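Scroll down for the structure; my scribbles are underneath it.
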Amino acid sequence: MARTLIAPSILAADFARLGEEVRAAEAAGADMIHVDVMDGHFVPNISIGPSVVKSIRPHSKLPFDVHLMIAPVDPFIQQFRDAGADIITVHPEAGPHVHRTLQAIRASGAKAGVSLNPGTPAEVVDPIIDLVDLILVMSVNPGFGGQSFIETALPKIEKLRKKIDATGRDIILEVDGGVNAKTAPRVIEAGATALVAGTAVYGGDPTKYADNIRAIRGSA
Ligand code: DX5
Ligand code: ZN
6 MARTLIAPSI LAADFARLGE EVRAAEAAGA DMIHVDVMDG HFVPNISIGP
56 SVVKSIRPHS KLPFDVHLMI APVDPFIQQF RDAGADIITV HPEAGPHVHR
106 TLQAIRASGA KAGVSLNPGT PAEVVDPIID LVDLILVMSV NPGFGGQSFI
156 ETALPKIEKL RKKIDATGRD IILEVDGGVN AKTAPRVIEA GATALVAGTA
206 VYGGDPTKYA DNIRAIRGSA
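Throughout, our numbering is defined as the position within the sequence shown, counted from one, plus 5.
Here it is as structure tokens:
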């Protein structure tokens, strides 16, 4: 089996030193940089916009995995692509036409992802699976880092694993929220191929990022 991709979420990093924090995650063995974009409207928190993504882009060669928790989302897709997003993930609830939104992401040149909230069923992907390169299962309600893993994510990951296998395509199955060295083994067992981790990577001592990533990946 391919090794699990680890995507540290910079939401838990030191925003005053973001360039350095992104470089540190790459040096520590991260596979992607997860960028959480929140608008205070779709979710009850505000984080960063395209100008910050553009500023940190030169600090890493890793793919930028940009998770948009904003509504409306369509007017901002090209801006995030131009700022350096490699993968752009959206929530179906963020607009009336998720199919069109995914087409627009691909037309921008980015890979397209769809994100399912804890209350959103796996079946939502059925009519759009041909348009996605990544499915993001939220294992917390979006808006904040540091929340506890919601167990109902596990059967949903299993269902989505089957749906992805049936396509024969290499769609990334990513899980986001409360992922740490304790919860990660079950998430991987359920069929995830990528793990987002904010607090579990960036929380605590900056000299421990590599140890944290190894622990989540399960090779510690
Ligand atoms: C939540 C974000 C997550 C968050 C994860 O809305 O999408 O990416 O940063 O944080 P942890 O890993 O601390 O649960
Ligand atoms: Zn996220």
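Think of the CB as a built atom: it goes at the ideal place given N, C-alpha and C, for glycine as much as any other residue.
Predicted model only: the values in this text are computed from it and were never measured.
When distances are taken from the beta-carbon of residue 78 to the heavy atoms of the ligand ZN, even the shortest one reaches 7 angstroms or more. Rounded to whole angstroms, the separation of the alpha carbons of residue 144 and residue 156 is 7 angstroms.
DSSP, reduced to helix, strand and coil, places residue 176 outside both helices and strands of the structure shown, so it counts as coil. Within the same chain, Cβ atoms closer than 8 angstroms to the Cβ of residue 206 are found at 11, 13, 14, 17, 30, 33, 35, 214, 217, 218, 221, the five residues on either side in sequence being excluded.
The shortest CA-to-CA distance from residue 97 to any of 168, 125, 115, 163 is the one to 125. Residue 56 counts as exposed, since fewer than 16 other C-beta atoms from the protein chains shown sit within 10 angstroms of its C-beta. Per DSSP, the continuous beta strand (DSSP E) segment holding residue 118 begins and ends at 116–121. In the structure shown, residue 132 adopts helical secondary structure according to DSSP, grouped into three states. The straight-line gap separating the alpha-carbon atoms of residue 177 and residue 204 is approximately 22 angstroms.
Rounded to the nearest whole angstrom, the CA to CA distance from residue 134 to residue 146 is 22 angstroms. Going down the chain, each residue whose beta-carbon is closer than 5 angstroms to a heavy atom of the ligand ZN shows up: 41, 72, 181. Burial is judged here by how many other beta carbons sit within 10 angstroms of a residue's own beta carbon; residue 65 has at least 16 and is buried.
Secondary structure of residue 79 (DSSP, three-state): helix. Taking the Cα positions, residue 80 is about 30 angstroms away from residue 168.
The shortest C-alpha to C-alpha distance from residue 137 to any of 151, 180, 92 is the one to 92.
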